[in-house]
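Each residue of the sequence shown is one higher than the one before, counting from 169 in this note's numbering.
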Amino acid sequence: MYALDRLLWEAQVLETVCQLTEEQAEAAASAAEVVQFLTRKEGVLPLWDCCVEAPNIYSCPVEWFLQMLSTQYTAPISEQHPGLTDAICVKLVEDVLNWQLPRQPSSTQGEQVIIFQYWGHFESLGALVLDTYMMELAEEALLVQNLNSDDQDMVSCALKHMPEGHLKKEGLKALSLLLVEGNSKVVIIVLAQLCSLTESPLF
Numbered sequence: 169m170y171a172l173d174r175l176l177w178e179a180q181v182l183e184t185v186c187q188l189t190e191e192q193a194e195a196a197a198s199a200a201e202v203v204q205f206l207t208r209k210e211g212v213l214p215l216w217d218c219c220v221e222a223p224n225i226y227s228c229p230v231e232w233f234l235q236m237l238s239t240q241y242t243a244p245i246s247e248q249h250p251g252l253t254d255a256i257c258v259k260l261v262e263d264v265l266n267w268q269l270p271r272q273p274s275s276t277q278g279e280q281v282i283i284f285q286y287w288g289h290f291e292s293l294g295a296l297v298l299d300t301y302m303m304e305l306a307e308e309a310l311l312v313q314n315l316n317s318d319d320q321d322m323v324s325c326a327l328k329h330m331p332e333g334h335l336k337k338e339g340l341k342a343l344s345l346l347l348v349e350g351n352s353k354v355v356i357i358v359l360a361q362l363c364s365l366t367e368s369p370l371f
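The structure is reproduced here in structure tokens:
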């Protein structure tokens, strides 16, 4: 099913490329001339425009994209979650690319982020404000860090203050691991949290 979904997405991208080829005699000057979102994504296309320069607005080197993300979000993220900015920026790029970046920075040289990968990732998320979304990623990264702690009291505290409405894949993975690795007290709290999640229309 996942493979079929990816193939369908690739077909949509090719259709968009064909339309652009037919409709535009000149090169596009902004992301909005190439892609459009079905729901509101405040700040998403402006960020892409900051990362690229005409006439090539279709791709951006991974290193430069990470640098621009860091420049824009180091201050707001560090204010609330010190030390998490780099991890959040890498997490976003990995989500966009749909694969894990090498842990050696020099290994990303030559790698590119394509506008259609960027568009596809955010199109799948529903309405959002990019600044808020980045802070949600930071909150989940902190949650996962605390849930993976060897200190069971810290784990219990993190579970009791879990941001249910913003829980994403990594947070759910950390919760599932606690069901088999946590002590009995932690398991009871995790079960209660999961039951609560199933009752949340937002989740």
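By construction, the Cβ of each residue, glycine as well, lies at the ideal position given by its N, Cα and C atoms.
Inspect the CB distances between the stretch 256-269 and the stretch 218-227 and report whether three or more fall short of 8 Å. no
DSSP beta-bridge partners for glutamine 280? Pro229
Out of Val181, Val297, Leu265, Leu206, which one is the CA nearest neighbour of glutamate 279? Leu265
Under the three-state reduction of DSSP, which class applies to leucine 296: helix, strand or coil? strand
Reduced DSSP secondary structure (H/G/I, E/B, other) of glutamate 201: helix
Hey, could you find the ends of the alpha helix (DSSP H) threonine 253 is sitting in? 253-265
Contacts around isoleucine 357, its chain only, beta-carbon distance under 8 Å, and the 5 residues preceding and following it disregarded: Ser324, Leu327, Lys328
I'd like the span of the alpha helix (DSSP H) that includes threonine 207, first residue to last. Note, threonine 207: premise wrong, no alpha helix (DSSP H); not H, not E.
Whose CA, out of Pro229, Val230, Asp254, lies closest to the CA of tyrosine 241? Asp254
Taking C-alpha atoms, which residue in Arg208, Leu188, Gln248 lies nearest to serine 387? Here the chain covers residues 169 to 371 and nothing more, so residue 387 does not appear.
Just to check my reading of the structure: alanine 306 and isoleucine 245 have Cβ atoms closer than 8 Å, yes? What is that Cβ distance to the nearest angstrom? 5 Å
I'd like the span of the alpha helix (DSSP H) that includes glutamate 183, first residue to last. 170-191
Residues in its own chain within less than 8 Å of leucine 347 by CB, not counting five upstream and five downstream? Val355, Val358, Leu359
In its own chain, which residues sit with a C-beta less than 8 Å from the C-beta of valine 227, not counting the 5 before and 5 after it? Note on identity: in this sequence residue 227 is serine, with valine being the wrong assignment. Same-chain partners within the cutoff: Val220, Gln280, Val281, Ile282, Ile283.
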